[in-house]
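In the numbering used here, the protein residues as written are -7 to 259.
Next comes the structure, spelled out in structure tokens:
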């Protein structure tokens, strides 16, 4: 157990069709061939882990110019970043009592547009940026080739960054903070398990979007799954870790849970 705290950082919202997040959320039937979809607003959270070994920023959120050409228009239309222009990373950190200069480490769960948009603030610095090898490879492959996934923007991560590449399924680089490879959503999706003095928190990122993905084991929408087989395997690992450690599992974009975890842990 480590004497650390976790602050939740509000990085804005996305507006989207819930079918992207929950497979088959809205399906037509014979008697209702054109049902209304659930068009919802979901949070984009970040976290700051105030650890004895330094401040760790967990994900950097959407780019503040997402709607003004930084994101491809197809991504803007699918995952509308309604207030991205109001959520520069440096401003959001300041609201939470931190500054870019105070951040000692950055952890990227993956490099999709709504998670890696603040990396530019660490361009040219020696701040270590943790990311899984499989994620870094797939992100560059996707952005450079047009294959893979359209959810990567080269301008998010193609900077002069001090990459610290994770290679194994489970790695510990800070006391009682374990990085856990959770492939499925992307090849290199990685979460974190933090053993605080009074509780264990698992930041699952986009392995889990909404509570239905976790409690009912409904996969993400097919367009957001690199591999359903890997996703189910990662889900089972999360549930085993939750059971073994009595952990709180934190989802990637669940509005109800975001309200519950706004105040963070260990404060």
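For each residue, glycine too, the CB sits at the ideal point set by N, CA and C.
Contact test: residue i Cβ vs the ligand NAD heavy atom, cutoff 7 Å
| i | result |
| --- | --- |
| residue 112 | Among the components modelled here there is no ligand, and therefore nothing to report on the ligand NAD. |
CB of residue i within 8 Å of CB of residue j, strictly
| i | j | result |
| --- | --- | --- |
| residue 214 | residue 15 | yes |
| residue 209 | residue 158 | no |
| residue 169 | residue 240 | no |
| residue 138 | residue 198 | no |
| residue 41 | residue 108 | no |
| residue 226 | residue 174 | yes |
| residue 212 | residue 13 | yes |
| residue 95 | residue 111 | no |
| residue -1 | residue 88 | yes |
| residue 25 | residue -6 | no |
| residue 10 | residue 30 | yes |
Reference residue i; option with closest CA among the options
| i | options | result |
| --- | --- | --- |
| residue 32 | 52, 226, 200 and 72 | 72 |
| residue 155 | 93, 8, 123 and 58 | 123 |
| residue 234 | 216, -2, 185 and 198 | 185 |
| residue 75 | 231, 66, 47 and 34 | 34 |
| residue 86 | 57, 27, 1 and 161 | 1 |
| residue 98 | 48, -7 and 238 | 48 |
| residue 67 | 23, 142 and 191 | 142 |
| residue 118 | 153, 88 and 129 | 153 |
| residue 259 | 188, 12 and 197 | 188 |
| residue 195 | 225, 209, 256 and -7 | 256 |
| residue 69 | 174, 8 and 125 | 8 |
| residue 92 | 243, 236, 107 and 115 | 115 |
| residue 236 | 160, 217 and 191 | 191 |
| residue 161 | 133, 222 and 105 | 222 |
| residue 105 | 252, 56, -6 and 251 | 56 |
| residue 249 | -6, 202, 163 and 30 | 202 |
| residue 176 | 252, 30 and 224 | 224 |
| residue 326 | 129, 140 and 254 | Only positions -7 to 259 of the chain appear in the structure, and residue 326 is not among them; the question remains open. |
| residue 172 | 133, 232 and 251 | 232 |
Environment of residue i [buried if 16+ CB atoms lie within 10 Å]
| i | result |
| --- | --- |
| residue 81 | buried |
| residue 166 | buried |
| residue 62 | buried |
| residue 274 | Missing from the structure shown is residue 274; the chain here goes from -7 to 259 and no further. |
Same chain, Cβ closer than 7 Å to residue i, neighbours up to 5 away in sequence not counted
| i | result |
| --- | --- |
| residue 131 | 103, 144 and 149 |
| residue 3 | 36, 37, 38, 53, 54, 79 and 84 |
| residue 27 | 18 and 20 |
| residue 151 | 111, 112 and 115 |
| residue 46 | 96 and 97 |
Element boundaries [beta strand (DSSP E), containing residue i]
| i | result |
| --- | --- |
| residue 196 | 192 to 197 |
| residue 49 | 46 to 50 |
| residue 29 | Per DSSP, residue 29 belongs to no beta strand (DSSP E) and is neither H nor E. |
| residue 170 | 169 to 173 |
| residue 166 | 162 to 166 |
8 Å CB neighbourhood of residue i in its chain, flanking five on each side removed
| i | result |
| --- | --- |
| residue 127 | 100, 102, 103, 178, 179, 180, 181 and 182 |
| residue 64 | 142 and 145 |
Limits of the unbroken alpha helix (DSSP H) element including residue i
| i | result |
| --- | --- |
| residue 222 | 220 to 237 |
| residue -3 | Per DSSP, residue -3 belongs to no alpha helix (DSSP H); it is in the beta strand (DSSP E), -3 to 9. |
| residue 264 | The question about residue 264 has no answer, for the chain in this structure spans -7 to 259. |
| residue 188 | From DSSP, residue 188 is part of no alpha helix (DSSP H); its letter is neither H nor E. |
| residue 253 | 247 to 253 |
| residue 13 | Run containing residue 13: none; DSSP gives neither H nor E here. |
| residue 86 | 81 to 87 |
Chain-order list of residues whose beta-carbon lies under 6 Å from that of residue i (same chain, five-residue window excluded)
| i | result |
| --- | --- |
| residue 146 | 135 |
| residue 206 | 200 |
| residue 204 | 14 and 210 |
| residue 77 | 56 |
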